[in-house]
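Quick note on the UniProt record's numbering: the sequence shown kicks off at 1 and runs consecutively.
Here the structure is laid out as structure tokens; the discussion comes afterwards.
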Amino acid sequence: MSTAKVHAARLAPRYGEGRAALMAAAVQVVAEHGLRNLTYRAVARAAGVAHGLVSHHFGSRDALLEAALQFSLENSVTSISTRPGSGDLDAIFDGLVTMIENNPDDQAFQFELLLESRRRPELRAYVESIYQEYIDALQFELDCAGIDPDPALSHLIYTAADGLVFQQITIGTPELTERALTHLRRLLQGHKSEGAAAGPVKR
């Protein structure tokens, strides 16, 4: 969620929206100031509420971090395909550039968590959940497209897209990202054609 959306969410949160506003604020804090600055007070300040409300909703910093991560993933994983389950390879990552532009904090939050895990091994479980959410979604789309969902292929495609996301949020190259994704889809189309020529994969 963008900074503007966080500010809008904090104006008059209705019942059921308060928790979402706090998670959006947590994502914003980490994206802008790093994981080490994720505190109840920082989140409360970003959300425009008393810090006691943050502890009331989440109980611990770890619970807040886990909820914020799930929140950011729910905003991001849908970018895997604009037509989920359709088998349309042209739809894979079709909305990625727009998603990055609309929700840069979600991506920055996840990258901050990934980098911090190098210094704090206890964060590894969070990192693994990030990768698994994306890989599972991508493997599902490849399977629907008739491509054998080889984990190595899914890993290759995901890491290529992940690198493009990182480049776009750091140096801002949406046009180049879009062109690169077009090439990535062509590679998938070629892989599908080769697989069809070779015959069905034995499972």
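Ideal placement from N, C-alpha and C gives every residue a C-beta, glycine not left out.
Note that the structure is a prediction, hence the values are computed from the model and not measured.
Through-space distance from residue j to residue i, alpha-carbon basis
i: Ile100; j: Pro149; result: 26 Å
i: Asp88; j: Arg120; result: 39 Å
i: Tyr15; j: Tyr131; result: For Tyr15, the pLDDT reaches just 35, beneath the cut-off of 50, and the residue's location in the model is therefore unreliable, leaving the point undetermined.
i: residue 224; j: Ser60; result: Here the chain has residues from 1 to 203 only, and residue 224 is not among them.
i: Leu53; j: Ile157; result: 41 Å
i: Arg83; j: Gly95; result: 10 Å
i: Arg41; j: Phe58; result: 13 Å
i: Ser86; j: Gly146; result: 11 Å
i: Arg36; j: Glu133; result: 24 Å
i: Arg45; j: Val165; result: 28 Å
i: Leu64; j: Phe93; result: 29 Å
i: His128; j: Gln107; result: This sequence places Glu at residue 128; His is not what is there. Those two C-alpha atoms are separated by around 15 Å.
i: residue 205; j: Thr173; result: No answer is possible for residue 205: the residues shown for the chain start at 1 and end at 203.
i: His183; j: Lys192; result: 14 Å
i: Glu194; j: Ser72; result: 36 Å
i: Glu141; j: Glu74; result: 17 Å
i: Ala50; j: Gly163; result: 38 Å
i: Arg10; j: Ala197; result: Because Arg10 carries a pLDDT of 40, less than 50, the predicted location of this residue cannot be relied on, and the following value inherits that uncertainty. Taking the straight line from one Cα to the other gives about 55 Å.
i: Leu38; j: Gly190; result: 44 Å
i: Val30; j: Leu181; result: 28 Å
i: Ala152; j: Glu32; result: 33 Å
Bridge-paired residues (DSSP) for residue i
i: Ile130; result: Paired residues: none, contrary to the question.
i: Ser81; result: Ile92
Inter-residue CB distance, residue i and residue j (contact presumed, cutoff 8 Å)
i: Ser79; j: Ala91; result: Not really, about 11 Å apart at Cβ, beyond 8 Å.
i: Ala25; j: Val43; result: 5 Å
i: Ser154; j: Ile135; result: 5 Å
i: Asn102; j: Ser76; result: Actually they are not in contact, since the Cβ atoms of Asn102 and Ser76 sit about 11 Å apart, beyond 8 Å.
Residue closest to residue i, alpha-carbon to alpha-carbon, out of the options
i: Leu138; options: Arg124, Tyr126, Thr159 and Glu128; result: Thr159
i: Gln168; options: Ala63, Ser72 and Val97; result: Val97
i: Asp62; options: Leu123, His191, Asn75 and Arg19; result: Leu123
i: Thr170; options: Arg179, Phe109, Glu128 and Glu141; result: Phe109
i: Ser55; options: Asn102, Arg19 and Glu178; result: Arg19
i: Leu113; options: Asn103, Asp105, Tyr126 and Phe140; result: Tyr126
i: Ala161; options: Arg179, Leu69 and Ala145; result: Arg179
i: Gln70; options: Ala47, Asp143 and Val27; result: Val27
N- and C-terminal bounds of the alpha helix (DSSP H) containing residue i
i: Asn37; result: Note, Asn37: premise wrong, no alpha helix (DSSP H); not H, not E.
i: Val49; result: First-last for Val49: undefined, no H or E at that position.
i: Arg145; result: Checking the sequence shown, residue 145 turns out to be Ala, not Arg. Looking at the DSSP string, Ala145 is not in any alpha helix (DSSP H), and its letter there is neither H nor E.
i: Pro104; result: Pro104 to Glu116
i: Arg61; result: Arg61 to Ser76
CB contact check: residue i to chain B, cutoff 8 Å
i: Val27; result: Within the model displayed, chain B is absent; a lone protein chain is all it includes.
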